[in-house]
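In our numbering, the protein residues as written are 91 to 363.
We treat Cβ as the ideally placed atom computed from N, Cα and C, and that holds for glycine.
Keep in mind it's a predicted model, so treat the numbers as computed, not measured.
Structure record follows, encoded as structure tokens.
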Amino acid sequence: MSALPDLRGKVAVVTGGASGIGKGIARQLSAEGMQVIIADIEPGPLQAAAGELGAVGIEADVSDRGSVQALAESAVRHFGTVHVVCNNAGVGPMAPIADLTMDDWQWIIGVNLFGVIHGVQAFLPILRENPDGGHIVNTASMAGLVATPGLGAYSVTKFGVVALTEALAAELRQEGSKVGATVLCPGTVRTNIDTSSRNRPAHLADRGLADVDISRDDNPAYRWISPDEAGAVVVRAITRGDLYALTHPEWHWMVERRNERLNAAFHQWSEPG
Ligand SMILES: NC(=O)c1ccc[n+]([C@@H]2O[C@H](COP(=O)([O-])OP(=O)(O)OC[C@H]3O[C@@H](n4cnc5c(N)ncnc54)[C@H](O)[C@@H]3O)[C@@H](O)[C@H]2O)c1
Numbered sequence: 091m092s093a094l095p096d097l098r099g100k101v102a103v104v105t106g107g108a109s110g111i112g113k114g115i116a117r118q119l120s121a122e123g124m125q126v127i128i129a130d131i132e133p134g135p136l137q138a139a140a141g142e143l144g145a146v147g148i149e150a151d152v153s154d155r156g157s158v159q160a161l162a163e164s165a166v167r168h169f170g171t172v173h174v175v176c177n178n179a180g181v182g183p184m185a186p187i188a189d190l191t192m193d194d195w196q197w198i199i200g201v202n203l204f205g206v207i208h209g210v211q212a213f214l215p216i217l218r219e220n221p222d223g224g225h226i227v228n229t230a231s232m233a234g235l236v237a238t239p240g241l242g243a244y245s246v247t248k249f250g251v252v253a254l255t256e257a258l259a260a261e262l263r264q265e266g267s268k269v270g271a272t273v274l275c276p277g278t279v280r281t282n283i284d285t286s287s288r289n290r291p292a293h294l295a296d297r298g299l300a301d302v303d304i305s306r307d308d309n310p311a312y313r314w315i316s317p318d319e320a321g322a323v324v325v326r327a328i329t330r331g332d333l334y335a336l337t338h339p340e341w342h343w344m345v346e347r348r349n350e351r352l353n354a355a356f357h358q359w360s361e362p363g
């Protein structure tokens, strides 16, 4: 797949860049010499992070197609083009499927899945026209590879982000494009995701989803990494042209266990009797 081995002087846009993983990605891309635009729905943290990182801060709501289109146009006005877009903004509250309201589904799909779709729609034409090539990084999660109780709605969105990125990467490869695509599937990263409901819009108030702070869980399976470590993983994936960017290789067994169950279901058809 297409890679961008030298990021110096190139232009990146990172959504959800005011906090957590997005801020870590923005910091690492800046350290590579990129000109960085961070976009976020929270104006105060956005301006603070832009100042701290030496980035341009642009307010945007990724669940709103017009807002993401305006972000893309602003980015081109600022820097003439874009090379890297990280569709990263997301929310992560939890609830059993049976407790979810339609407002919950609309909010979480709107931000986590339509946010990425809007980013691809708005930025892919710009990256395709860029003679240097480009790269799209979509933030999914380990929950985009394995579904677990309580994270069903979140997993629906993140499986969607994985599928979108896999198909997009294959299509770009088939057409011999200079644009590549990566799906970031982080494990546990220390961020503000445990207060995601701070950004829930008032018109989607009927809620079953609730914020859960799993960082207080002393489960030894959780290895917490910093947003900057996640950002470094993204830099490596862009410069190498990797489709999958993983932060927790020790969680491979979860994917293997799912694959074993799928394999067993397929093998039932080939077994006699
Ligand atoms: N923290 C983890 O352990 C973890 C693990 C896997 C995946 N992720 C994913 O990483 C991404 C970043 O989350 P984080 O953990 O850094 O959380 P975070 O809350 O620290 O950062 C998310 C950012 O997205 C912004 N945001 C929320 N809704 C938005 C909207 N509608 N439009 C624009 N910006 C919006 C928030 O204001 C915030 O700045 C998300 O997609 C999340 O699902 C996080």
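Quick one: using the 10 Å Cβ neighbour count with 16 as the cut-off for buried, is Met192 buried or exposed? So Met192 counts as exposed.
Any chance the CB of Asn353 is under 7 angstroms from a heavy atom of ligand 1? Asn353: no, Cβ never under 7 angstroms from ligand 1.
Any non-hydrogen atom of ligand 1 closer than 7 angstroms to Val201 Cβ: Ligand 1 approaches Val201 closely enough that one of its heavy atoms is under 7 angstroms from the residue's Cβ.
Suppose the cutoff is 6 angstroms on Cβ atoms and the five residues either side in sequence are ignored; what does the same chain contact list for Gly112 look like? Answer for Gly112: Val104, Gly106 and Asn178, listed in chain order.
For a test of your reading of the model: does the CB of Pro133 fall under 7 angstroms from any non-hydrogen atom of ligand 1? Yes or no. No, the Cβ of Pro133 stays beyond 7 angstroms of every heavy atom of ligand 1.
Hey, quick one: how far does the alpha helix (DSSP H) through Asp193 stretch, first residue to last? Asp193 -> alpha helix (DSSP H) spans Met192 to Ile198.
Buried or exposed: Leu352, going by 16 or more other Cβ atoms within 10 Å of its Cβ? Of the other Cβ atoms in all chains shown, fewer than 16 fall within 10 Å of the Cβ of Leu352; this residue is therefore exposed.
Compute the Euclidean distance between the alpha carbons of Ala102 and Asp308, then round it to the nearest angstrom. When rounded, the distance between both Cα atoms is 36 angstroms.
Going by DSSP, name the residue or residues bridged to Asn228. The partner list for Asn228 (beta bridge, DSSP) reads Asn177 and Val273.
Quick one: residues in its chain with C-beta nearer than 8 angstroms to the C-beta of Ser109, no 5 flanking neighbours on either side, listed in chain order? Asp130, Glu132, Pro135, Ala139, Thr281 and Asn282.
Hey, Gly180 and Thr229: beta-carbon distance below 8 angstroms or not? Here Gly180 is near Thr229, since their CB atoms are less than 8 angstroms apart.
Nearest neighbour of Val126, chosen from Arg155, His173 and Leu94 [CA to CA]: When only C-alpha atoms are compared, the closest one is His173.
Looking only at its own chain, which residues have a Cβ that is under 6 angstroms from the Cβ of Gly277, when we skip the five neighbours before and after it? Sequence-distant Cβ neighbours of Gly277 in its own chain, meaning closer than 6 angstroms and more than five residues away, are Met232, Thr337, His338 and Trp341.
Using a threshold of 7 angstroms, is the CB atom of Val279 nearer than that to any non-hydrogen atom of ligand 1? Checking the 7 angstroms criterion, the Cβ of Val279 is within range of a heavy atom belonging to ligand 1.
Below 8 angstroms, how does it come out for the region 295-309 and the region 190-204: are there three or more Cβ pairs, yes or no? Output reads yes: the region 190-204 touches the region 295-309.
Which of helix, strand or coil DSSP assigns to Tyr312: The answer is coil: DSSP assigns Tyr312 none of H, G, I, E or B.
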